[in-house]
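Number of protein chains: 2
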Amino acid sequence: MTDRLSDLLTRTARLIAGDGYWAGLKPAQWQALRYLAAANRFSRTPGALTAWLGQTKGTVSQTVAALERKGLVERSEDRDDRRLVRLALTPAGRARLAEAPETVADAMTAGLTGDERAAIEPLLARMLTEHLAQRGYRPFGLCAECRHFIRDAADGAPHRCGLLALPLSAEDAGAICIEQEAA
Amino acid sequence: MTDRLSDLLTRTARLIAGDGYWAGLKPAQWQALRYLAAANRFSRTPGALTAWLGQTKGTVSQTVAALERKGLVERSEDRDDRRLVRLALTPAGRARLAEAPETVADAMTAGLTGDERAAIEPLLARMLTEHLAQRGYRPFGLCAECRHFIRDAADGAPHRCGLLALPLSAEDAGAICIEQEAA
DNA sequence: TCGCAATGGTAGCGACTCGATACAAATCAT
DNA sequence: ATGATTTGTATCGAGTCGCTACCATTGCGA
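Protein chains in written order, with my numbering: chain Z, 1 to 183; chain U, 184 to 366.
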């Protein structure tokens with residue numbers, strides 16, 4: 001009747017997802033903050049955040065509003081597509097993030113050996129991506145591991161995005177991108 | 184800066200923990216319902232539920248109140264210790280549970296092979312128990328896998344609990360117990 | 001056996017979550 | 001042009017969840 005593994009996963013999930021009541025922020029707000037710090041400029045929009053957090057647009061809109069109220073996130077318009085809202089951390093947001101204590105997820109995984117981490121990571125990755133695919137969500141991923149990533153484009157910028165036809169800095173390459181498709 | 188594995192774990196955790204908006208219940212309520220269905224009679228109290236869910240007493244008190252309002256859970260007193268509140272599913276609660284669709288956690292783990300499940304389970308179990316120990320919480324566990332479990336006590340009841348000095352039915356042996364200590 | 005800490009639980013508050021519905025604006029496809 | 005799609009916001013209601021108080025009951029030590 002009850003599946004042992006799925007029970008284990010569910011309890012662990014509660015602990016991790018409920019983690020993050022520090023410095024006046026809530027778990028979802030910390031996760032949004034962390035995402036915005038790690039995502040490239042194309043992926044810092046309420047829509048991308050919605051897909052990343054797996055929530056609805058309305059919820060994310062409120063989370064973003066709360067972060068803006070606290071002065072941790074800034075909103076700006078996109079010249080090309082005026083429906084879009086560009087999000088960015090403020091210096092205060094970056095500072096808050098730097099002060100954050102270790103997360104439960106970090107503490108939990110820190111107790112694993114290198115071999116164990118290597119064993120568990122691909123399994124978890126598969127579970128996540130398969131589930132996201134089933135729900136029609138994008139999996140996200142690192143810019144540099146994308147099939148549209150052109151290393152050393154040698155036309156001024158270090159690299160280049162073949163999909164959006166835009167130059168990429170070295171920093172961009174290490175960021176999370178919503179358009180990413182595994183190479 | 185960002186740890187890949189812990190990121191993966193956090194996203195997966197959000198999806199799993201946020202899963203369960205069916206039939207007028209919320210995720211936490213479903214988990215409480217599932218726990219109460221799987222726990223033995225010593226472990227069906229608000230306090231045990233608090234430890235299992237990893238929340239605070241107040242939160243759990245409200246979740247239980249919501250389930251009682253919906254007629255899915257029943258409260259009763261304990262004769263021996265009148266501070267305690269015993270919880271039990273009502274027939275309606277059991278029926279609601281039977282109607283529940285597959286959880287995200289079940290769907291995710293269903294995609295794994297037997298070997299993969301065998302590989303991931305002990306790791307997850309260790310991550311969870313180590314973390315619970317750190318917070319001073321009990322790990323819980325199956326009655327039959329407890330060091331206080333006396334199989335085939337042969338004094339009327341099938342088995343026996345050495346800690347509480349009580350007879351155990353075959354059904355009890357397969358239930359979750361808050362007092363459990365690994366054999 | 002008295003007093004007092006520990007235990008188990010509830011009450012109420014405030015900020016937030018989160019799905020749902022409705023809506024507005026910009027953009028895209030035909 | 002014009003209707004569908006995309007992107008985001010507004011509002012609502014139920015619930016989550018940590019927090020501080022608070023109340024019984026129980027257990028323990030002097």
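Glycine residues also receive a C-beta, built at the ideal position from the N, C-alpha and C atoms. In this text, all values refer to a predicted model and were calculated from it rather than measured experimentally.
Endpoints, beta strand (DSSP E) assigned at residue i
i	result
U:H342	342-344
Z:P167	166-168
Z:R147	Element bounds for Z:R147: n/a, residue is neither H nor E.
Z:R75	73-77
Among the options, nearest to residue i - alpha-carbon criterion
i	options	result
U:Q397	U:N223, U:A196, U:R224, U:P229	Chain U is shown only over 184 to 366; residue 397 of chain U falls outside these bounds and no answer can be derived.
U:A275	U:T193, U:E328, U:A283	U:A283
U:A221	Z:D115, Z:C177, Z:R4, Z:R75	Z:R4
Z:D81	Z:G111, Z:F42, Z:L112	Z:F42
Z:F140	Z:R117, Z:E181, Z:D172	Z:E181
Z:T109	U:E299, U:K253, U:A288, U:H314	U:H314
Z:A13	Z:I176, Z:D152, Z:R135, Z:L128	Z:L128
Z:L8	U:R334, U:A308, U:A281, U:S352	U:A308
U:G203	Z:G20, Z:Y21, Z:T10	Z:T10
Z:D115	U:G297, U:R300, U:L306, U:A301	U:L306
Z:A173	Z:T103, Z:A98, Z:R151, Z:W52	Z:R151
U:R277	U:R300, U:R262, U:L250	U:L250
U:A290	Z:A107, Z:R135, Z:A118	Z:R135
Z:L164	Z:A157, Z:R138, Z:F149	Z:F149
U:L179	U:Q214, U:S244, U:Q245	Because chain U in this structure spans residues 184 to 366, residue 179 of chain U falls outside the shown range and cannot be described.
U:S189	Z:S61, Z:A118, Z:A133	Z:A118
Unbroken alpha helix (DSSP H) run spanning residue i, endpoints
i	result
U:L216	210-221
Z:A107	104-110
U:K240	240-252
Local conformation of residue i per DSSP, three classes
i	result
Z:P139	coil
Z:D115	helix
U:L267	coil
U:R227	coil
U:L192	helix
Z:D3	coil
U:D355	helix
U:A278	helix
U:A308	helix
Z:A51	helix
U:A206	coil
Z:A182	strand
Neighbourhood of residue i by C-beta distance below 8 Å, restricted to the same chain and skipping five residues each side
i	result
U:R279	A206, L208, L216, L255
Z:E121	none
U:L140	Absent from the structure is residue 140 of chain U, since the part of chain U shown begins at 184 and ends at 366.
U:E354	none
Z:E77	L84, V85, R86
Close Cβ partners of residue i (< 7 Å) along its chain, the five nearest in sequence each way excluded
i	result
U:R227	L219, R269, L270, A271
Z:A183	E145, C146, R147
Z:G18	P27
Z:A175	A38, A39, N40, C143
Z:E102	none
U:A340	P350, L351, S352
Beta-carbon proximity list for residue i, same chain, < 6 Å, skipping 5 on both sides
i	result
Z:E74	A88, T90
U:A288	I199
Z:A48	I178
U:R321	A234, I361
U:A248	none
Residue i beta carbon near the ligand GTP (any heavy atom closer than 8 Å)
i	result
U:A301	With respect to small molecules bound, the structure shown includes none, and the ligand GTP cannot be examined in it.
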